[in-house]
Amino acid sequence: MVSVAAALALALTGCVSYTNAVEFNRIYAEEADAGIPGRADQFLSPRQQAEVMRSFKALAAGATVVNPPAPAPRGVRWSEIPQALTWACNEDGVEMVIVRTYQDLDGYDFTLRTIEGWPARLVIGHGRGEQVYEVTEVSVGRFPDNPDRVERGAALVEALQTWLRTMGARKKLNEHPEEPAPATPLPAVPRQPGASS
409 MVSVAAALAL ALTGCVSYTN AVEFNRIYAE EADAGIPGRA DQFLSPRQQA EVMRSFKALA
469 AGATVVNPPA PAPRGVRWSE IPQALTWACN EDGVEMVIVR TYQDLDGYDF TLRTIEGWPA
529 RLVIGHGRGE QVYEVTEVSV GRFPDNPDRV ERGAALVEAL QTWLRTMGAR KKLNEHPEEP
589 APATPLPAVP RQPGASS
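What follows is the structure, given as structure tokens:
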């Protein structure tokens, strides 16, 4: 009975060939050249990209940058802690994986597992003053007071600090700029002949 139902369903629906997702992002030459707006998931043609860049440059002419990409003002960014910890866990002497991340208003609570299978925990809170973050707890293994476990926890914190400083040195839009420059009004863009409002 099941085989009859399957054969009937196949006969009614037919066989459908699905294309790869990459094929949905193609620029169709006739649409790109004709100026016909295409689907939202298409890439811009080189001509369209140049047109967009000309428009942006016309808008930005004479304007002052308010929050340019820059290194982190205090050396590290709070938002980069999870990514920095991921990289720190891969360092020699640390070798851990993040099992669970819990974030609340107080900070982060990471549950980790060492390569030997030991449980580990790292709790990071917001720092005071100029300090962006503060490690409030680090423990490795079932006996965290064991000297080699203490050393392993210290290696984790040191690797995290190194990665946070490395990532903080990259130019990026900062979450909270220290003193933004006053914004200047953008110049009026001349209207194109035949453009409707």
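Read in order, the letters of the sequence shown are residues 409 to 605 in my numbering.
Beta carbons: idealized from backbone N, C-alpha and C, even for Gly.
Computed from a predicted model, the values in this text were never measured in an experiment.
### Task
Name the residue from 554, 541, 532, 528 whose alpha carbon lies nearest to the alpha carbon of residue 400.
Beyond the ends of the chain as shown, which are 409 and 605, falls residue 400; an answer cannot be given.
### Message
Considering just the uninterrupted stretch of the alpha helix (DSSP H) at residue 556, what are its terminal residues?
### Response
For residue 556, the enclosing alpha helix (DSSP H) has its first and last residue at 555–576.
### residue 542 versus 569, 455, 508, residue with shortest Cα-Cα distance
Per the Cα distances, 569.
### Query
Helix, strand or coil: which one does DSSP assign to residue 580?
Strand at residue 580.
#### Entry: Where the beta strand (DSSP E) containing residue 522 begins and where it ends
Counting along the chain, the beta strand (DSSP E) containing residue 522 begins and ends at 515–522.
#### Entry: Rounded straight-line distance, which links the Cα of residue 524 to that of residue 559
Near 15 Å, if we compare the C-alpha coordinates of residue 524 and residue 559.
### Query
Who are the near neighbours of residue 488 in its chain, counting only those whose CB is closer than 6 Å to its CB and skipping five residues on each side?
Same-chain partners within the cutoff: 575.
### Task
Closer than 7 Å by C-beta to residue 579: which residues in its own chain qualify, once you throw out the five before and the five after it? Chain order, please.
Excluding sequence neighbours, residue 579 sits near 477, 478, 479.
### Task
Take the Cβ of residue 505 as the centre, count every other Cβ of all protein chains shown within 10 Å, and call the residue buried at 16 or more, exposed below.
Answer is exposed; the Cβ neighbour count stays below 16.
### Query
With respect to the beta strand (DSSP E) encompassing residue 529, which residues constitute its N-terminal and C-terminal limits?
Its beta strand (DSSP E) spans residues 527–534.
#### Entry: residue 482 - containing alpha helix (DSSP H), residue span
Residue 482 -> no alpha helix (DSSP H), and no H or E assigned at all.
#### Entry: N- and C-terminal bounds of the beta strand (DSSP E) containing residue 546
That run of the beta strand (DSSP E) goes 541–548.
### Message
Once the 5 residues before and after residue 493 are set aside, which same chain residues still bring their CB inside 6 Å of it?
### Response
Closer than 6 Å at Cβ, skipping near neighbours: 568.
### Where residue 507 falls: helix, strand or coil (DSSP)
The DSSP-derived three-state label of residue 507 is strand.
### Query
Would the beta-carbon of residue 502 fall within 8 Å of that of residue 564?
In contact: residue 502 and residue 564 (Cβ atoms closer than 8 Å).
### Task
Pick helix, strand or coil for residue 471, following the three-state DSSP scheme.
Residue state, collapsed to three classes: coil.
#### Entry: Inter-residue spacing [alpha-carbon to alpha-carbon] between residue 482 and residue 572
Counting only the Cα atoms, residue 572 lies some 11 Å from residue 482.
### Task
Determine the closest residue to residue 521 out of 454, 498, 537, 460, with distance taken between C-alpha atoms.
Closest by C-alpha distance to residue 521, out of 454, 498, 537, 460, is 498.
### Task
Return the CA-CA distance between residue 462 and residue 510, expressed in angstroms with no decimal places.
Rounded to the nearest angstrom, the two C-alpha atoms are 45 Å apart.
### Task
Spatial neighbours of residue 460 within its chain, please: CB distance less than 8 Å, with the 5 preceding and 5 following residues excluded, ordered by chain position.
Taking residue 460 as the centre and dropping the five residues before and after it, the same chain places the C-beta of 452 closer than 8 Å to its C-beta, in chain order.
### Query
Going by beta carbon distance, what residues of the same chain come within less than 8 Å of residue 526, once the five residues before and after it are set aside?
So the qualifying residues of the chain are 548, 549, 550, 557.
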